[in-house]
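The UniProt record's numbering applies: residue 1 is where the sequence shown begins, and numbers increase by one.
C-beta: ideal position from N, C-alpha, C; glycine also.
The structure appears right after this line, and notes come after that.
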Amino acid sequence: MAVALDVKIDDRDLHNVLQRIRQRFGNLKPALRIIGETVQASIQQNFEAGGRPEKWVDLAEATKKARAAKRKWPGQILVVTGLMKKITYQVEDDRVTLTAGSEYAAAHHFGVDKTVQVSAHSRRRRSYDVSRDRKKVASGVVFVKGHSRHMKLPARPFMMLQNEDWPEINESLAEHLLK
């Protein structure tokens, strides 16, 4: 199940600048690429800072213990899972689209507090390996029944453009216009 996280930034001043670029040069793609790079870098800074302008809610103790057991602690929130690396942008003729390429991105961004259905599935478990005479003869497969699970994730908004990014975007666009 894919979930889309669509964030629109509607800024009249930026829109007017882009219209002038289109009238003057006919091609918005280089300017939109600059915006995409700037916004993508800003989102990565949100991850590195653990939330901007306000810090994200800390991880639950159970999550910290699970990460420690997997030797993935200390780890930055939402970075260990690879979500930060999945932020990409795509430039089209008249827009730049940033995407968080994970089906769980919206749940992490907005938070969630609901019960979901988990389908029946199989899972490999190393602890169920069958050995004879020090030779592994079978891998353990565990069958999990369908069940419900309550998900409670605090909102950790990461697809955010910061106020401090606007001067950088404007400066980059001005440099592009003067080339």
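Cβ pair residue i, residue j closer than 8 angstroms
i: VAL118; j: GLY146; result: yes
i: LEU98; j: ILE77; result: no
i: LEU161; j: VAL17; result: no
i: ALA100; j: ILE87; result: yes
i: ARG22; j: LEU28; result: yes
i: ALA66; j: GLY111; result: no
Same chain, Cβ closer than 6 angstroms to residue i, neighbours up to 5 away in sequence not counted
i: VAL96; result: LEU32, ILE35, GLY36, TYR89
i: HIS121; result: VAL144
i: ARG24; result: none
Contact set for residue i: own chain, Cβ-Cβ below 7 angstroms, skip 5 residues either direction
i: LYS72; result: VAL80
i: PRO157; result: HIS109
i: MET84; result: GLN44, PHE47, LEU78
i: GLY75; result: ARG67
i: SER42; result: LEU161, GLN162, ASP165
i: VAL91; result: LYS29, LEU32, ARG33, GLY36
i: PRO167; result: none
i: GLY82; result: none
Residue i: first and last residue of the uninterrupted beta strand (DSSP E) it sits in
i: LEU153; result: 147 to 153
Residue range of the unbroken alpha helix (DSSP H) whose run includes residue i
i: ASN170; result: 165 to 178
i: PRO53; result: Note, PRO53: premise wrong, no alpha helix (DSSP H); not H, not E.
i: ALA60; result: Looking at the DSSP string, ALA60 is not in any alpha helix (DSSP H), and its letter there is neither H nor E.
Same chain only: Cβ atoms within 8 angstroms of residue i, ignoring 5 sequence neighbours per side
i: MET1; result: With a pLDDT of 44 at MET1, under the threshold of 50, the predicted position of this residue should be treated as unreliable, though the coordinate-derived value follows. So the list reads GLU103, once near-sequence residues are dropped.
i: HIS176; result: ILE21, PRO30, ALA31, ILE34
i: LYS114; result: HIS150, MET151
i: ALA49; result: LYS55
Distance between residue j and residue i (C-alpha atoms, nearest Å)
i: ARG12; j: MET151; result: 38 angstroms
i: GLY26; j: ASP94; result: 11 angstroms
i: HIS15; j: LEU153; result: 35 angstroms
i: PRO53; j: LEU173; result: 24 angstroms
i: SER148; j: VAL142; result: 18 angstroms
i: THR63; j: VAL57; result: 13 angstroms
i: GLY51; j: ILE169; result: 21 angstroms
i: GLU61; j: LYS70; result: 14 angstroms
i: GLU171; j: LEU178; result: 11 angstroms
Min CB distance residue i to chain D below 8 angstroms
i: LYS86; result: Any reference to chain D falls outside this structure, which holds one protein chain only.
Quiz item: Unbroken alpha helix (DSSP H) runs of length 4 or more, entirely within the stretch 91 to 130: which are they?
Solution: 105 to 110
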